[in-house]
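Asks: So that we are looking at the same thing, I have put the structure below in C-alpha cells.
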Amino acid sequence: MNGPRRLLVRDAGLLSSVQDLGRLGLGALGVSPSGAADWFSARAANRLVGNADGCALIETTMNGATFEAADPMTIAVTGADAPLWIGGKRKHSWRSLSVEAGDRIAIGPPASGLRSYLAVAGGIDISEVLGSAATDVGGGFGGRRLAAGDSLFVRAASSEAFSESEYEPGAILALRPPVRLRALTGPDASRIGSTVIDELFATAFRGSARSSRQGLRLEGSAVTGGASDSISAGVCAGCVQLPGDGSPIVLLAEHQTTGGYPIALCVITADIPLAAQVRPGDEVRFERADRTGARDALNAAASRLRAVRAVASAVTYDPDAARLGRGFAEGASS
Amino acid sequence: MLEVDIKPVGDAALHVVVGDRIDREVVSRVWSLARAIERAGGGAFSDIVPAYASVLVRYDPLRVDQAIAMALVRGAAENASESSNANARKVTIVVRFGGEWGVDFETAAHELGMREARFRDAFCKPDYRVAFLGFLAGFPYLLGLPPALALPRLATPRPRVPAGSVGVAALQCGIYPRQSPGGWRLLGRTLAPLFDASLPAPALLAPGDVVRFEPASSIEETARVEITDGAA
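As they're listed, the protein sequences go chains W and F.
Quick note on our numbering: the first sequence kicks off at 69 and runs consecutively.
Quick note on our numbering: the second sequence kicks off at 4 and runs consecutively.
Here is the structure:
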C-alpha cells in the first residue's frame, strides 16, 4: 500500500471527537478518564470491524456528522438509532461495511439516542497522550474536537480477510425513551435520607440541554431537600450527584476526578451506556437495583457484546476466537 | 493500622473513608492509605483517587468481585501506617499578586480589613501542603490557609479563570493549571507550568508536597519554581 489510509472529516456536527476506553489510572493526578461515553456501543463498533475493544474510534453527537473515506476501508457505526448513508445509499448500523475510496459516510440525526460511534478496521491512528487516544474535550488535552477538513490516519487492519459481521437486533441498545436507569443507593444515601432517595426513584426527570460528556444533567422535577455538600471525594462514571438545587447529575466518562456534591445513587455499569445516550427532553427514571441485579445485567451486556455474528455464509467465524473474545476488561492500551 | 469505613460506590468502586474533616492529620492518613492500597491492590484496581478524607478505588466488576476488592482494601488499611511523609518535597512558587494578575486581590484585602501588603505577606507566610489533586488535571488542593484570610467563594463562578491563577475559597487554596471556569477568589498568578501532559511526570505537585508562595519582584520571576527534595 502507498502510505497510510485516511478518513476525512467533512462535517463534524455538534461535537465529534476521537475516543477510546479512556485514560484510567491517573485519577490521583486529577486526570479524568474521559473515553467513549457509551462503552457498550464503542466496544461493539470495534468488535464489528475486528479491532480490539480499546482501539481509537470516533464519537459523534446529536445531529450526526459526515466523513469521507480517502481509501477503501471496513467500517461500522453503532450507538444512537441514527440513519446511515454510505456513498448515498442507506445502510445498516451495528454491522461491518466495506467503503470505497471517495465514499461519503453520513450519520444522520438519530430517531433516538444521542451518540454514534464510527470504528474503522485497524483503528484511528492518533498519538496517545498519557497512554490513551481519548480526547478530553473539557480538560483540553489528548486532542481536540474534530472539525471539517480534518484528515485522520487509519492503521493497517490486522486481518484483510475480515468477514462481514453484525449484531442481531436483540443485542443492541434499546434507546427509546422513557429511559430507565437501574441504580444502587449511593455512599451518601443515608445522610440524604430515605424520603429523598424514594423521591428520586419515583420522579420522572427530563434530560437537560446543559448535559455534556462530563455528566447527564436531569431537570423538570427537582427533588426537594437533599443534603449539604460533602467533603470533596473521588467520583466515577455512574455516580448520581444531588446538588442543593435538587437537579441530579449522572456523571459520564469525562467527569472530574473529585466532587463535593452528595452522591445519592449510582447507576449500574451496565446502564451507563443508556445514560450516555439520553437526549435533552428525554424522560428518565431511576429504577432500584440490587447488587445481584447489577452483576447479572453486566454479565448480560458482556454476552450481548460477544454475540457479534457473521453475516450470511461467512466461513468459520467464531465469536469466541481470541481476537474478539478478548477480556472485557481490556483497557485503552491493549 | 488505619481505621477505615468502606462504602460501595455503585458496582465498580469503593469509598475508603478515614475521617470526616479537612485537616493535616486526616489527609496524611489518606496519603498513607493510598500508598498501601496501591501496594496491596496489584492489578485488581484500575484507579486509586485520594481526596481530603477518603480514597476512591475503582475496579472492573467483571474481573474483580466486590468482596475481594473490600478484602484487599481492608488488608491494605491494616498494613498502612498512621504517620507518613516525613521527607516532603518543598516547592516554592513565585506569584504576582493583584491587578490583572489577581483580580480579587484588592477587594479581598479590603473585605478582610487589611492593607494589601499585609494581606500578601500573611498569605505567603505559611507552609501549605498539597492535600490532593483534583477538579482539573494537576489542580492542587492546598491546606494551610490561615483562618483569618478565609473568604467565601464567588456567588457566580467566572466563565474564564486564567491558567496559573492562585485562588482561595473558604479555607481552601488552589492553583488553576489551565484556563477554566471557576468560582474561587483570585489573588495572583504564577506562570509555572502545573500540568504538562507530554512529561513523564505531568503534574508539578504531588500530595504531601510543601508549597511556599513567594511574591514576584518582576514579571519574569513568575515562571520560577524551586523544588527541594525532602530526602536531601
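Quick reminder that beta carbons are idealized off the backbone N, C-alpha and C, glycines included.
#1: When we look at the beta-carbon of Met-4 of chain F and count the other beta-carbons within 10 Å, is it buried (16 or more) or exposed?
#2: Taking CB distances under 8 Å as the criterion, tell me whether Ala-400 of chain W reaches chain F.
#3: Restricting to runs no shorter than 4 residues, where is the alpha helix (DSSP H) found entirely within the stretch 171–226 of chain F?
#4: Going residue by residue through the stretch 24–54 of chain F, where are the continuous beta strand (DSSP E) segments of at least 3 residues, counting only ones entirely within it?
#5: Closest Cβ-Cβ distance between Phe-354 of chain W and chain F: below 8 Å?
#6: Quick one: grab the DSSP three-state call for His-160 of chain W.
#7: Can you give me, in chain order, the residues of the stretch 113–146 of chain F that have a beta carbon less than 8 Å from any beta carbon in chain W?
#8: For a quick check, are the C-beta atoms of Ala-187 of chain W and Ala-144 of chain W less than 8 Å apart?
#9: Beta-carbon within less than 7 Å of Ile-154 of chain W's beta-carbon, same chain only, minus the 5 sequence neighbours each way: which residues are those?
#10: Name, please, each residue of chain F whose Cβ falls closer than 8 Å to the Cβ of Leu-252 of chain W.
#11: Comparing alpha-carbon positions, which option in W:Glu-287, W:Leu-241, W:Arg-158 and W:Ser-100 lies nearest Gly-349 of chain W?
#12: What are the residues that DSSP puts in a beta bridge with Ser-166 of chain W?
#13: Apply the 10 Å Cβ neighbour rule to Ile-230 of chain F and answer buried if 16 or more other Cβ atoms are within range, or exposed otherwise.
#14: According to DSSP, simplified to helix, strand and coil, what is Ala-378 of chain W?
#15: Would you say Phe-209 of chain W reaches chain F, if we count a Cβ-Cβ gap shorter than 8 Å as a contact?
#16: Can you pull the chain F residues whose beta carbon is under 7 Å from the beta carbon of Leu-75 of chain W, in chain order?
#17: From Ser-381 of chain W to Asp-14 of chain F, what distance separates their C-alpha atoms?
#18: Determine, using beta carbons only, whether Ser-57 of chain F comes closer than 8 Å to chain W.
#19: Under the three-state reduction of DSSP, which class applies to Leu-146 of chain F: helix, strand or coil?
#20: Listing by chain order, which chain W residues have their CB less than 9 Å from the CB of Ile-178 of chain F?
#21: Determine the contact status of Leu-115 of chain F and Tyr-131 of chain F, defining contact as a CB-CB distance below 8 Å.
#22: When you compare only the Cα positions, how much space is there between Gly-207 of chain W and Thr-292 of chain W?
#23: Going by beta carbon distance, what residues of the same chain come within less than 7 Å of Ala-295 of chain W, once the five residues before and after it are set aside?
#24: Would a check of beta-carbon distances place Pro-177 of chain W closer than 8 Å to chain F?
#25: Helix, strand or coil: which one does DSSP assign to Pro-11 of chain F?
#26: Check the Cβ of Arg-363 of chain W against every Cβ in chain F and list those closer than 8 Å, keeping chain order.
#27: Given this structure, state the Cα-to-Cα distance separating Leu-373 of chain W from Ala-105 of chain W, to the nearest angstrom.
#28: Whose C-beta lies closer than 6 Å to the C-beta of Val-12 of chain F among residues of the same chain, with five residues either side of it excluded?
#29: Could you pull the DSSP bridge partners for Cys-334 of chain W from this structure?
#30: Does Leu-198 of chain W come within less than 8 Å of chain F when only Cβ atoms are used?
#31: Are Val-98 of chain F and Thr-225 of chain F closer than 8 Å when you measure CB to CB?
#32: Compute the beta-carbon to beta-carbon distance between Leu-116 of chain W and Arg-183 of chain W, rounded to the nearest angstrom, for a pair I have assumed lies under 8 Å.
#33: Mind pulling the beta strand (DSSP E) runs of 3 or more residues that sit fully within the stretch 46–118 of chain F?
#34: If you count every other CB in all the chains shown that lies within 10 Å of the CB of Val-379 of chain W, and 16 or more means buried, which is it?
#35: So is Val-86 of chain W in contact with chain F if we call contact Cβ pairs under 8 Å?
#36: Less than 8 Å between the CB atoms is what I'm expecting for Arg-78 of chain W and Ala-216 of chain W, so what's the real figure, rounded?
Replies: Taking the coordinates as given:
#1: exposed
#2: Annotation note: pLDDT 35 at Ala-400 of chain W (below 50); position unreliable, coordinate value reported separately. For Ala-400 of chain W, the answer is no, since every Cβ of chain F falls outside 8 Å of its Cβ.
#3: none
#4: 48–53
#5: no
#6: coil
#7: Phe-135, Leu-136, Gly-137, Phe-138, Leu-139, Ala-140, Gly-141, Phe-142 and Tyr-144
#8: yes
#9: Leu-165, Val-167, Asp-171 and Ile-173
#10: Pro-11, Gly-13 and Asp-14
#11: W:Glu-287
#12: W:Thr-142
#13: exposed
#14: strand
#15: yes
#16: What Leu-75 of chain W touches in chain F: nothing, since even the nearest Cβ is about 24 Å away.
#17: Annotation note: pLDDT 49 at Ser-381 of chain W (below 50); position unreliable, coordinate value reported separately. Cα to Cα, Ser-381 of chain W sits roughly 40 Å from Asp-14 of chain F.
#18: yes
#19: strand
#20: In chain order: nothing, as chain W lies at least about 12 Å away.
#21: no
#22: 32 Å
#23: Asp-256, Arg-259, Ile-260 and Pro-330
#24: no
#25: strand
#26: Asp-14 and Pro-64
#27: 16 Å
#28: His-18
#29: W:Leu-252 and W:Cys-307
#30: yes
#31: yes
#32: At roughly 16 Å, the Cβ-Cβ gap does not stay under 8 Å, so Leu-116 of chain W and Arg-183 of chain W are not in contact.
#33: 48–53, 57–62 and 93–100
#34: exposed
#35: no
#36: 6 Å
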